[in-house]
Every structure is written in structure tokens, then in C-alpha cells.
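Visitor: Got a structure here, written out as C-alpha cells. Questions coming.
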Amino acid sequence: MESTCIITFANQKGGVGKTTLCALFASYLVSRGHSVTVFDTDPQQSIVKKRTADTATYAGVPLPYNIYPFSMSNEPALIALIENLHNSAAVDFALFDSAGSLNDQALLALFANTDYLLTPFHYDNLTVPSTAIFVAMIVELRRSIGNAMKTVHYVIPNLEEQGVGTKEEKELWKLVNKKLSEHVRIAPTVYKRQTLRRFSTISGMDDQMLVVSPAFDHIYNDIFGIPNTEEE
Ligand SMILES: Nc1ncnc2c1ncn2[C@@H]1O[C@H](COP(=O)(O)OP(=O)(O)OP(=O)(O)O)[C@@H](O)[C@H]1O
Ligand SMILES: [Mg+2]
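Numbering (the UniProt record's numbering), first residue to last: 1 to 232.
So this is what it looks like as C-alpha cells:
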């Protein structure tokens with residue numbers, strides 16, 4: 001690739017799957033032959049800590065990608081990093097995991113300069129409103145920046161239990177999607193599966209990849225300009 005594609009996982013709501021999907025997307029991209037770097041901007045350092053634990057578990061296994069902590073308290077440092085990434089072909093994809101809060105100074109700059117912003121969420125009474133506020137904030141950011149902001153914003157319905165939900169709930173979810181789709185693209189659903197709780201930063205297991213591939217294939221195709229045909 002000519003320049004590094006920057007992808008950010010963010011939602012102001014915690015516990016929606018940002019870190020899980022970030023690590024799995026890194027494995028997915030590596031499995032498709034790309035070079036990947038992950039920047040962990042969460043002060044809790046979830047991915048960094050997971051890598052430390054995984055390195056002990058998988059001693060001797062070559063690392064598929066590097067993970068670096070990166071502080072969002074220094075906006076000039078972030079802008080410099082993004083510029084470097086955009087001017088470099090050393091890695092194909094830089095993935096940023098972010099915290100479940102919007103307090104850090106440089107986050108808006110990250111959202112404005114990321115190529116793809118991926119927002120996992122799930123359908124419940126707390127998560128839908130805070131996701132809607134997050135989407136509205138990005139819409140406002142785009143309005144204030146104008147055409148220079150190229151960010152493609154996706155929401156990824158996550159943690160849905162297949163076959164669960166009343167007819168009324170399903171109608172409501174459809175309505176949520178319809179409202180959200182006025183402002184964002186909606187990826188295929190990632191279902192709630194026990195195997196995703198066991199993700200590692202060393203390898204994506206086949207059964208995990210099966211769960212995430214409808215969403216990830218869709219986004220991947222979009223990045224490479226391949227038409228998506230499935231009905232959502
Ligand atoms: N599709 C899924 N199936 C099963 N478990 C999932 C799925 N997605 C996420 N989880 C689980 O949900 C919990 C929260 O996920 P995760 O830590 O990735 O969310 P997060 O948005 O990064 O949270 P935080 O805001 O705290 O950083 C974890 O226990 C994770 O294993
Ligand atoms: Mg996280």
C-alpha cells in the first residue's frame with residue numbers, strides 16, 4: 001500500500017468490544033497478508049497488557065504485529081505520528097484502540113485524521129443513547145472541519161445474541177439502524193460468542209475469525225473499493 005491506512009476503534013461507551021475487535025482485526029489483517037501496528041491509547045493499556053501475558057503463554061511464537069502504548073494527552077505528538085504514518089509505506093495498517101471516555105485532548109484530532117473510525121456498540125437502553133451521542137459528536141466534528149475530514153465512520157453491532165430478542169425489540173433495533181445510517185455506515189453484526197472472550201494478540205483462531213468475518217470482510221472490501229453485495 002502507498003500509505004498507511006489508519007483505523008481507530010472508539011465509542012464513549014465502555015465495554016462494547018473496542019479492544020476485542022481491535023485485536024481481532026489486527027489478526028484478520030495479518031491473515032490477509034498485511035503488515036499491522038497497533039497503538040494502545042487506553043490508559044488502562046488493555047492490549048499492551050494482553051500482549052505481555054500472551055508472550056508468556058506463546059513463548060517462542062513469532063509476533064504477528066507490534067503493539068505500542070501511545071498517550072492521547074499530547075496532540076502535537078499524535079499529529080506528528082499520523083503524518084509519519086500517512087507519509088510512510090512501512091506498515092499497511094495502523095490500528096488505534098481507545099478508552100471508553102472522551103477526556104483526552106488528542107482524541108478529536110485522532111477521529112478527524114483516522115481513515116476509518118469503527119464504533120462497536122450493542123442494542124441496549126444504555127449503549128444506544130451513548131452511541132448516538134458519539135455519532136452526533138463525529139457529525140459535529142465533520143461539520144466544523146468540512147470536506148478536509150475524510151473519516152469513514154462505521155458502527156459495528158456487537159455482542160448480539162443470535163435468536164434472542166422479541167419481535168418488538170427487533171423492530172426497535174431496525175429503527176435504531178435506520179436512524180444511525182443517516183450518519184454512519186453499519187457493518188454486519190458480530191454475534192456474542194464465548195470464543196471471542198479468548199482472543200489473543202498472537203493469533204486469531206479459525207472459529208473466532210468465522211464470527212468476525214462478515215463484519216471485517218465488509219469493512220475490508222470497503223477499504224479496497226470492492227463492492228459489498230450482501231443485504232443488511
Ligand atoms: N462478540 C463478543 N462475544 C463475546 N464476548 C465479547 C464480544 N465482544 C466483546 N466481548 C467481551 O465483552 C467484554 C468487553 O469487551 P472489550 O474489553 O473489548 O470492550 P471495550 O469497549 O474495549 O471496553 P473498555 O471501554 O473497558 O475499553 C470483554 O469481556 C470481552 O471479552
Ligand atoms: Mg478496551
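C-beta: ideal position from N, C-alpha, C; glycine also. Keep in mind it's a predicted model, so treat the numbers as computed, not measured.
Taking 7 Å as the line, does the beta carbon of residue 49 fall inside it for any heavy atom of ligand 2?
Guide: Because no heavy atom of ligand 2 lies under 7 Å away, the Cβ of residue 49 does not count as near it: no.
Visitor: Helix, strand or coil for residue 106 per DSSP?
Guide: Note: residue 106 maps to coil in three-state DSSP.
Visitor: With three or more C-beta pairs closer than 8 Å as the rule, is the segment 119 to 128 touching the segment 81 to 88?
Guide: As far as the Cβ criterion goes, the segment 81 to 88 does not touch the segment 119 to 128, which means the pair count is below three.
Visitor: Going along the chain, which residues of its own chain have a beta-carbon closer than 6 Å to the beta-carbon of residue 34, five neighbours each way excluded?
Guide: Once the five neighbours on either side are set aside, the close Cβ partners of residue 34 are 92 and 93.
Visitor: Short check: CB of residue 154 to CB of residue 132, under 8 Å?
Guide: No, the pair does not count as a contact, with Cβ atoms beyond the cut-off.
Visitor: With hydrogens ignored, establish whether the beta-carbon of residue 46 is closer than 7 Å to any heavy atom of ligand 2.
Guide: Yes; taking the cut-off as 7 Å, the Cβ of residue 46 has a heavy atom of ligand 2 nearer than that.
Visitor: Going straight from the alpha carbon of residue 139 to that of residue 183, what length do you get?
Guide: Approximately 7 Å between the Cα atoms of the pair.
Visitor: Taking C-beta to C-beta, are residue 238 and residue 38 nearer than 8 Å?
Guide: Examination of residue 238 is not possible in this model, given that the chain is present from 1 through 232 alone.
Visitor: Report the three-state DSSP secondary structure of residue 226 (helix, strand or coil).
Guide: Of the three classes helix, strand and coil, the one that applies to residue 226 here is coil, per DSSP.
Visitor: Using the three-state DSSP reduction, which class does residue 119 fall into: helix, strand or coil?
Guide: Strand.
Visitor: Would DSSP call residue 19 helix, strand or coil?
Guide: Reduced to three states, the DSSP call for residue 19 is helix.
Visitor: Taking the CB atoms as reference points, tell me whether residue 212 and residue 185 lie closer together than 8 Å.
Guide: Contact: no.
Visitor: Does ligand 4 have a heavy atom nearer than 7 Å to the CB of residue 196?
Guide: Ligand 4 is absent from the structure shown, which contains only ligand 1 and ligand 2.
Visitor: Quick one: grab the DSSP three-state call for residue 39.
Guide: Three-state result, residue 39: strand.
Visitor: What did DSSP end up calling residue 86 once you bin it into helix, strand or coil?
Guide: Helix, per DSSP.
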